[in-house]
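Scroll down for the structure; my scribbles are underneath it.
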Amino acid sequence: MDFETIPGVGEKTAAALAELDDAERALTDGDVAALARAPGLTEGRAAAIARGAIRRGHDDPGGFLATDRASEIYRDALGLLQARTVTTYAEKRLETLFPTGSASRIEEVRAFATAATDLEPDPDVLAALSGVESLSDPKPRRIRERCIATADAERYAAAKEAFPELSIEVVENARDISELARSYSTVVVLDESFAGIDVEGDVRVLPDAADRTDEVVPERLLAFFAENREALEAAAEVHEVAAIDPPCDVTALRDALSRLDDDGTIVGDDELVRLSNAADDIDTAVSTAESVANDHLRDVIRERDVTIEGTDFLSLVEQGARVDSLLSRELEDEFDEALAAARDHFVDALSLRPSEAALTERIFPEDPSFPLGHDEDAVGRLRTELKAARDRRAAKLKADLASDLGDLREPVETLVRDALELDVRLAVSRFARDFDCVFPEFTGHAGDDGPGTFTIETGRSPLLDVDFEDVDPVDYEVSGVTLLSGVNSGGKTSTLDLVGLVVVLAHMGLPVPAESVQLSRFSELHYYAKSQGTLDAGAFESTLRDFAALTDGAADRLVLVDELESITEPGASAKIIAGILEELAEQGAAAVFVSHLAGGIREAADVAVAVDGIEAVGLENGELVVNRSPVKDHLARSTPELIVEKLAGESETSFYGRLLEKF
1 MDFETIPGVG EKTAAALAEL DDAERALTDG DVAALARAPG LTEGRAAAIA
51 RGAIRRGHDD PGGFLATDRA SEIYRDALGL LQARTVTTYA EKRLETLFPT
101 GSASRIEEVR AFATAATDLE PDPDVLAALS GVESLSDPKP RRIRERCIAT
151 ADAERYAAAK EAFPELSIEV VENARDISEL ARSYSTVVVL DESFAGIDVE
201 GDVRVLPDAA DRTDEVVPER LLAFFAENRE ALEAAAEVHE VAAIDPPCDV
251 TALRDALSRL DDDGTIVGDD ELVRLSNAAD DIDTAVSTAE SVANDHLRDV
301 IRERDVTIEG TDFLSLVEQG ARVDSLLSRE LEDEFDEALA AARDHFVDAL
351 SLRPSEAALT ERIFPEDPSF PLGHDEDAVG RLRTELKAAR DRRAAKLKAD
401 LASDLGDLRE PVETLVRDAL ELDVRLAVSR FARDFDCVFP EFTGHAGDDG
451 PGTFTIETGR SPLLDVDFED VDPVDYEVSG VTLLSGVNSG GKTSTLDLVG
501 LVVVLAHMGL PVPAESVQLS RFSELHYYAK SQGTLDAGAF ESTLRDFAAL
551 TDGAADRLVL VDELESITEP GASAKIIAGI LEELAEQGAA AVFVSHLAGG
601 IREAADVAVA VDGIEAVGLE NGELVVNRSP VKDHLARSTP ELIVEKLAGE
651 SETSFYGRLL EKF
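Written out as structure tokens, the structure is:
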């Protein structure tokens, strides 16, 4: 795949994507987590790239959200979905859903969403999802007991890149390798010419080391599993709670993880623990063993009947007097007992094996002396042997565990991805259930199949600042160009927002908050919010230019406008709006203009313009009682008219009646 053909992807980003093993799949699936693992890509950037790839795949030029208010409605809709996610991944993944005029993309998402709404959001599954997160690659950790050796400059450069954890050494002959083997527990030689080399130490000739990274550097794989332990265990639990067949044996996965510490080291092996403790505690064990022997000899000397007082003898000895011959002649048995006690304590303290215990004879020599001493060189040799045995044991255990985990590396990617995608689907299901949603029916393409239309039955907007169950339902049907009239605070803007939300969600391929919806497929949504005050001359001119561009080729667009009359004087506004509606009607476009000047606009227009009204049916305790569903072909009465009508009915004076006649 040529990544640079994706909108917004340049040479640098394309190179980063090329480093991924499954970039094409991730782009096709909108797998934000996988894309974000490319060097330098954040999840937000990954979501944008995925959107670009999806648009390219469906020949979608973009631009459906043609105005700021249309984009705000989309962000509000997206926010409702994202609020129902558990994982960060699902939150970002939902950003790959966007409104479009592409029928193939709408149907693709609709199929996904249809399956998603069949899922029952189980609280136990949601709780398990809270521990799942995208897998991450740990930073390389320096490994000091192993090295790579080569005599070839090209292999040296390749090894530096392939094995950042290891020291890469240049060698010329077997002698150089032998010297390395004395400094490192393991030496991996890349040159086949050294095959059969006979040197002391763990030297392996592996020309294909780059293809055997789990064997050469098992720590890399172990670090991956250690760092992602919680996510893996949580993903396994999600599969179990949700009764989903996992792509791997989760029992084997848990068993392997139980043998791994959080820092990537091996746990649970008694022999490795023994060797590690022995190597770490050898100095303490030597000191304690000496004390055991010397305490025994002190007690014997104090109690021994010799030619001088025991205390004087002890003083002489502790002052450095040579007593080798005296100890040998007078205390031979006692010294042997003390020496045996020292060796036994040393062996027991370090849990030494018989082959290791043999070295204690060199550590505590048999020549009689007091205080008993030790041979530091012999201690050093034992320490070296214990560390080497420890490192060999650890390397073997790491290699064995890496071998077990190597078969799980790709399946666990799928394990976690499936859990994260479940969160995405459950968010759609929760959205549909929370807002009583239904999938809309598309009746054709606006412009190609006549003027754009929409029909909403029992629609309720979740964007209102009230509990959803308290939202009044709205029925509204529009074909072509329509004016929407109504009293102040009657719900005209809320109705326009509901229309915008339904259209956006439908063109995302998602269910909508209504009992039934039929609509045309539009290429663009132009939603103009109410202007805050009269515009100055320059801004007014710019607004007219926007509408002039809008009316050019508007047949497949939906236009929603909220009180455009606020941009200038009421008399001029009615004429301007009438002119815009005439152009849109001639184009065969669909449009809803909310206006308090509906009557004047209809009179100024040279074409028949439908007028719907959100009717207030009266006043109760000073509050409007409103039928929220617009009445077709009805110019709604204004709030002042209702108040005058109420006063006329309550008063015997003719003043209110004459005022009412003015309406």
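Take 1 as the starting number for the sequence shown in full-length UniProt numbering and just add one per residue. Glycine is no exception: its CB is placed at the ideal position from the N, C-alpha and C atoms. Quick caveat, the model's predicted, so the values are computed rather than measured.
Bridge-paired residues (DSSP) for I148
For the purposes of this step, residue 148 is identified with residue 148 of the sequence shown, where counting begins at 1. Note: I148 sits in a beta bridge opposite I168, V188.
DSSP state of T453 mapped onto helix, strand, coil:
In the sequence shown, the residue the question calls residue 453 occupies position 453. Here DSSP, grouped into helix, strand and coil, assigns T453 to strand.
Close beta carbons around V12, own chain, < 7 Å, minus the five adjacent residues each side:
For the purposes of this step, residue 12 is identified with residue 12 of the sequence shown, where counting begins at 1. One point to set straight first is that residue 12 is Lys, not Val, in the sequence displayed. Excluding residues within five positions, none has a Cβ falling inside 7 Å.
Residue range of the alpha helix (DSSP H) that includes L129
The residue you call residue 129 lines up with position 129 of the sequence shown. 123–129 is the extent of the alpha helix (DSSP H) around L129.
Of the choices G599, V412, E356, whose alpha-carbon is the least far from that of A389?
Residue 389 sits at position 389 when you count from the first residue of the sequence shown. The shortest C-alpha separation from A389 is found at E356.
When G10, A47, T85, R110 are compared against F442, the one with the closest alpha-carbon:
Residue numbering aside, residue 442 sits at position 442 when the sequence shown is read from its first letter. Out of G10, A47, T85, R110, R110 has the C-alpha closest to the C-alpha of F442.
At a cut of 8 Å, does the segment 228–248 reach the segment 373–382 through at least three beta carbon pairs?
no
Who are the near neighbours of E339 in its chain, counting only those whose CB is closer than 8 Å to its CB and skipping five residues on each side?
Taking the first residue of the sequence shown as 1, we reach residue 339 at position 339. Note on residue identity: the sequence assigns Leu, not Glu, to residue 339. Around L339: A293, F364, E366, L372.
Closest by C-alpha distance to D497, when choosing among D562, E469, S520:
Counting from one through the sequence shown, the residue named residue 497 turns up at place 497. Among D562, E469, S520, the Cα nearest to that of D497 is on D562.
Let me see if you follow: with CB-CB separation under 8 Å, is L505 close to chain B or not?
In summary, chain B is missing from the structure at hand, where a single protein chain is found.
Starting from D202, follow the beta strand (DSSP E) in both directions and report where the run begins and ends.
Locating residue 202 in the sequence shown gives position 202, counting from the first residue. Per DSSP, the unbroken beta strand (DSSP E) holding D202 starts and ends at 202–205.
Output needed for E227: all residues of its chain with C-beta closer than 7 Å, excluding positions within five of it in sequence on either side, in chain order.
Within the sequence shown, the letter at position 227 stands for residue 227. Only S136, P138 meet the Cβ criterion.
With a threshold of 16 other CB atoms inside 10 Å of the CB of R329, please say whether the residue is buried or exposed.
By 1-based counting over the sequence shown, the position of residue 329 is 329. Reliability of the predicted coordinates at R329 is poor, the pLDDT of 47 falling under 50, and the value obtained from them is presented with this limitation in mind. The residue in question, R329, is exposed, as its Cβ has fewer than 16 Cβ neighbours within 10 Å.
Using a Cβ-Cβ cut-off of 6 Å (strictly less than) and excluding sequence neighbours within five positions of V188, which residues of its own chain qualify?
Taking the first residue of the sequence shown as position 1, residue 188 is located at position 188. For V188, where only same-chain residues beyond five positions count, the Cβ hits under 6 Å are I148, R204, L206, A209, V216.
By Cβ distance, which residues of its chain are closer than 6 Å to L564, with the 5 residues on each side in sequence left out?
Position 564 of the sequence shown holds residue 564. Only I577 meet the Cβ criterion.
Could you check whether V424 and R93 sit closer than 8 Å to each other, using their CB atoms as the reference points?
As a first step, residue 93 is located in the sequence shown; it is residue number 93 there, counting from the start. As a first step, residue 424 is located in the sequence shown; it is residue number 424 there, counting from the start. Going by C-beta atoms, R93 is nearer than 8 Å to V424.
Spatially closest choice to A591 from V132, A46, E421, T453, by CA coordinates:
Start at 1 with the first residue of the sequence shown, and residue 591 comes out as number 591. Comparing Cα positions, the closest option is T453.
Residue span of the beta strand (DSSP E) that contains F442, given as start and end
Along the sequence shown, one-based indexing puts residue 442 at 442. Unbroken beta strand (DSSP E) run through F442: 441–445.
The segment 26–45 contacting the segment 497–511, beta-carbon criterion three pairs below 8 Å:
No, because fewer than three Cβ pairs between the segment 26–45 and the segment 497–511 fall closer than 8 Å, the two stretches do not touch.
Nearest by alpha-carbon distance to A604: which of A572, E179, D122 is it?
The sequence position of residue 604 within the sequence shown is 604, counting from 1. Of the candidates A572, E179, D122, the one whose C-alpha sits nearest the C-alpha of A604 is A572.
Among E154, R141, D281, whose alpha-carbon lies nearest the alpha-carbon of T265?
To locate residue 265, count along the sequence shown from 1; it is residue 265. The shortest C-alpha separation from T265 is found at R141.
Look at F435 and P462 and say whether their C-beta atoms are less than 8 Å apart.
Numbered from its first residue, the sequence shown carries residue 435 at position 435. Numbered from its first residue, the sequence shown carries residue 462 at position 462. In this structure, P462 lies closer than 8 Å to F435 by Cβ.
If you check the beta carbons only, do L350 and A285 fall under 8 Å apart?
Here residue 350 refers to the residue found at position 350 of the sequence shown. Here residue 285 refers to the residue found at position 285 of the sequence shown. Cβ atoms of L350 and A285: closer than 8 Å.
Any heavy atom of the ligand PLP inside 7 Å of the beta-carbon of E240?
With respect to the ligand PLP, the structure shown offers nothing to examine, as it has no ligands at all.
Within the chosen definition, does the segment 550–557 reach the segment 516–525 through at least 3 CB pairs nearer than 8 Å?
yes
Is the beta carbon of T87 closer than 8 Å to that of V132?
Locating residue 132 in the sequence shown gives position 132, counting from the first residue. Locating residue 87 in the sequence shown gives position 87, counting from the first residue. Yes, the pair counts as a contact, with Cβ atoms nearer than the cut-off.
Run the CB neighbour count on K160, radius 10 Å, all protein chains shown included, and call it buried at 16 or more, exposed below.
Along the sequence shown, one-based indexing puts residue 160 at 160. So K160 counts as exposed.
Assuming R175 is part of the alpha helix (DSSP H), what are its boundary residues?
As a first step, residue 175 must be located in the sequence shown, where it is residue number 175. Segment 174–183, the alpha helix (DSSP H) holding R175.
Among the candidates R545, L550, P218, L27, whose CA atom is the shortest distance from the CA of T96?
Position 96 of the sequence shown, counting from 1, holds the residue named residue 96. The candidate whose alpha carbon is nearest that of T96 is L27.
Unbroken beta strand (DSSP E) run spanning E563, endpoints
Within the sequence shown, residue 563 is the residue found at index 563, counting from 1. Element bounds for E563: n/a, residue is neither H nor E.
Decide if the segment 52–62 is in contact with the segment 98–108; the criterion is three or more beta carbon pairs, one per stretch, under 8 Å apart.
yes
V631 versus G486 - alpha carbon distance
For this step, residue 631 is matched to residue 631 along the sequence shown. For this step, residue 486 is matched to residue 486 along the sequence shown. Approximately 10 Å, taken between the alpha carbons.
Tell me whether T482 is buried or exposed, calling it buried when 16 or more other Cβ atoms sit within 10 Å of its Cβ.
For the purposes of this step, residue 482 is taken as the residue at position 482 of the sequence shown. By the neighbour-count criterion, in which 16 or more other beta carbons inside 10 Å mark a residue as buried, T482 falls on the buried side.
CB-CB under 6 Å to H634, same chain, minus the five flanking residues each way: which ones, in chain order?
Residue numbering aside, residue 634 sits at position 634 when the sequence shown is read from its first letter. Here the set comprises G613.
Check whether the segment 78–87 touches the segment 116–134, taking contact to mean three or more Cβ pairs, one atom from each stretch, closer than 8 Å.
yes
Contact between the segment 73–83 and the segment 112–129 (3+ Cβ pairs under 8 Å)
no
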